[in-house]
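Position one of the sequence shown corresponds to residue 12 (the working numbering), numbered consecutively onward.
Here a beta-carbon is modelled for each residue, glycine too, at the ideal position from N, C-alpha and C.
Bear in mind the structure is a predicted one, so any value in this text is a computation, not a measurement.
Okay, so here's the structure we're looking at.
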Amino acid sequence: MPARSPQAPTSLDSPCDVGGWTKDGQHRATHVFEAAAWFRAIKPVCRCGHSATFNPYGIWWRFECRMWDGNLVKACQKFWCVRCGARTGKRVRPVRIELVDPSPDDIALPMPEEREWKRALSRFRA
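If you want it as structure tokens, here you go:
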């Protein structure tokens, strides 16, 4: 029997530095920048069921400016549920982050300058 070639892990819990692929052949982002490069909005989901969707470019730029780790598993710690926070007085972190199609109702954060985005995208594609 021939030896199988090792496959890169593709789950969000993996320490893999680059995104993988789903069974459907779609990109699976593991970092905030990959989500922005593949135009996938970031949607943190709280255990109460509340969720919000963020514009991918604005959220990437926020992480970049604050020098936060863009890994989606660690990015979960940068979000908190407003509804649960108002009810309990504490910041309640989301249970998961989903990547969804962007919509006009997404929370818009300040966008990067076009040259900054193009520079980052060029490094990503290289």
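**Asked** What residues are listed by DSSP as bridge partners for I108?
**Response** For I108, DSSP records a beta bridge to P55.
**Request:** Identify, in the order they occur along the chain, each residue of the same chain with its Cβ nearer than 6 Å to the Cβ of G81, setting aside the five sequence neighbours on each side.
**Result:** Cβ neighbours of G81 beyond the five flanking positions: H42, V43, F44, F74.
**Request:** Tell me whether F44 sits in a helix, a strand or coil according to DSSP, three-state version.
**Result:** Of the three classes helix, strand and coil, the one that applies to F44 here is helix, per DSSP.
**Request:** Leaving aside the five residues before and after W128 along the sequence, list all residues of the same chain whose C-beta is less than 6 Å from its C-beta, in chain order.
**Result:** Closer than 6 Å at Cβ, skipping near neighbours: no residue.
**Request:** From the DSSP output, read off the bridge partner residues of N82.
**Result:** Beta-bridge pairing links N82 to H42.
**Message:** Among the candidates W72, R39, R104, V103, whose CA atom is the shortest distance from the CA of L120?
**Reply:** Comparing Cα-Cα distances from L120 to each of W72, R39, R104, V103, the minimum goes to W72.
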